[in-house]
Amino acid sequence: MTRRVKVGNTFIGGGAPVSVQTMLDVPSYDVDGNVGQALAVQAAGADVLRVAVPDKDALKTLEAVKKAVSIPVVADIHFDYKLAIESVDRGADKIRINPGNIGGAEKVRAVIAKCAANGVAVRVGVNSGSLEKELLSKYGAPTPEALCESALNAVSLLEELDFFNTVVSIKTSSVADTVKAYRLFSSQSDYPLHIGVTEAGTERTGVIRSSAALGSLLLDGIGDTLRVSLTASPVKEVQAGIEILKACGIRSGAQVISCPTCGRTRIDVKSLAEQTERMLAGCKKPVKVAVMGCVVNGPGEAREADFGITGGDGVGLVFKRGEIVEKVRESELLDALLKYIKEYETKDE
Ligand code: SF4
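Structure representation (structure tokens):
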């Protein structure tokens, strides 16, 4: 098990639930825009959020975001160690730095001293695009071995400063290299890991790449917090992160399954499945709901689901573990399903 790191009012690692992070993408000078987006990602279920702090003006934004939300806030720092120090004063719960670009050991030492004095955690983010020159020439390229060595060096540097409140990320845009680098690191260190694929791409390809990498790692028991990086809204990143955790059986909640449809389909499965997903987005109980396209095969094919709906030609059926429990008009199908889910949700409470 990894060690436990306190980040604001939550923990990363040491058996704490795997948390979902995102990063705000409103320009850092737009205080109100950032606060609005921070509230939206919190409402979408983000456990931790990160704000870019590229200059002094962004410190105001960081402070306003921190005051507006109840989840931990991370300040993302590149190059300027003074901004890291001031971010702690403005309420950051964690500082994300890349020791390779903060400007030398003295500056890293100053940041770490400030974090230690204030109980603030640090994420060292090693990235294939900013690997130290010595490691690049030793390995010839930002290989998983080079990235792992860079991360191990970074945590040792912090340990020499008596600092252990560290989370580590090792990111590349290659799924295979990302998985290999994290596996290597986790076989040699017990620091908690922030997992993700960097520059993962647009919503469609980014979710696919992230699912492949994060799914492989999570099913191996690697990963304490995650971010699905997308060229899309942070709310989408949060939703994708939660779905990956649910798909890996790590977070409970509603799982909507739906049939691929075929020539037997006589009901709008796509729209029903999408509406069911939206309807159950906030459900915390582990319930599997199937949306199927035909009356003959649907209930049987989705026997492992707790509940399901199907229908055709204006008629809708609700079924429970493969057995039909109610016949309604097609237009009443979702209401009928919701009634059963609500009963189920309150049953053991
Ligand atoms: Fe086709 Fe019915 Fe199976 Fe859906 S449930 S794929 S409609 S046979």
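With the first letter of the sequence shown counted as 1, position 126 gets the number 502 in my numbering; the numbers rise by one all the way through.
The beta-carbon is built from N, C-alpha and C at its ideal position, and this holds for glycine as well.
Computed from a predicted structure; not experimentally measured.
In this model, residue 601 and residue 696 are separated by some 35 Å (Cα to Cα). Annotation: the continuous alpha helix (DSSP H) that includes residue 677 extends over 674-677.
Residue side-chain check: residue 669 places its Cβ nearer than 7 Å to a non-hydrogen atom of the ligand SF4. In terms of Cβ geometry, residue 491 and residue 471 form a close pair [threshold 8 Å].
Two segments are said to touch when three or more pairs of C-beta atoms, one from each, lie closer than 8 Å; by this definition the region 605-621 does not touch the region 632-646. For residue 702, the enclosing beta strand (DSSP E) stretches over residues 699-705. A direct Cα-to-Cα measurement between residue 682 and residue 578 gives close to 33 Å. Residue 561 sits in a helix when the DSSP states are folded into three classes. Rounded to whole angstroms, residue 425 and residue 644 show a C-alpha spacing of 37 Å. For residue 660 and residue 420, the gap between their C-alpha atoms comes out near 13 Å. Taking non-hydrogen atoms of the ligand SF4 into account, the C-beta of residue 680 is found less than 7 Å away from none of them. Burial of residue 503 is indicated by the presence of at least 16 other C-beta atoms within 10 angstroms of its C-beta.
By the C-beta density criterion, residue 672 is exposed, having fewer than 16 other C-beta atoms within 10 angstroms. Taken through DSSP and simplified to helix, strand or coil, residue 566 comes out as coil. Just so you know, the alpha carbons of residue 446 and residue 414 end up roughly 10 Å apart. When 708, 399, 627, 621 are compared, the shortest CA-CA separation from residue 587 is found for 621.
Three or more Cβ pairs closer than 8 Å define a contact, and the region 401-408 falls short of that threshold against the region 560-579.
Rounded to whole angstroms, the gap between the alpha carbons of residue 379 and residue 554 is 21 Å.
Annotation for residue 585: the continuous alpha helix (DSSP H) segment containing it runs 579-595.
For residue 483, the enclosing alpha helix (DSSP H) has its first and last residue at 481-494. Listed in chain order, the non-local C-beta contacts of residue 518 below 6 Å within the same chain comprise 504, 507, local neighbours out to five positions each way being set aside. Straight-line spacing of the CA atoms in residue 564 and residue 557 works out to 11 Å.
Inclusion of residue 636 in the 7 Å shell around the ligand SF4 follows from its C-beta lying nearer than that to a non-hydrogen atom of the ligand. Counting along the chain, the unbroken beta strand (DSSP E) around residue 692 starts and ends at 691-696. Where residue 452 is concerned, the enclosing beta strand (DSSP E) starts and stops at 449-452.
Here the alpha carbons of residue 512 and residue 520 stand approximately 11 Å from one another. CA-to-CA, the gap between residue 530 and residue 619 works out to about 31 Å.
In the displayed model, residue 517 falls within coil according to three-state DSSP, outside both helix and strand. Residue side-chain check: residue 652 keeps its Cβ at 7 Å or more from all non-hydrogen atoms of the ligand SF4. Per DSSP, residue 437 is one residue of the alpha helix (DSSP H) stretching across 432-444. Beta-bridge partners of residue 639 (DSSP): none assigned.
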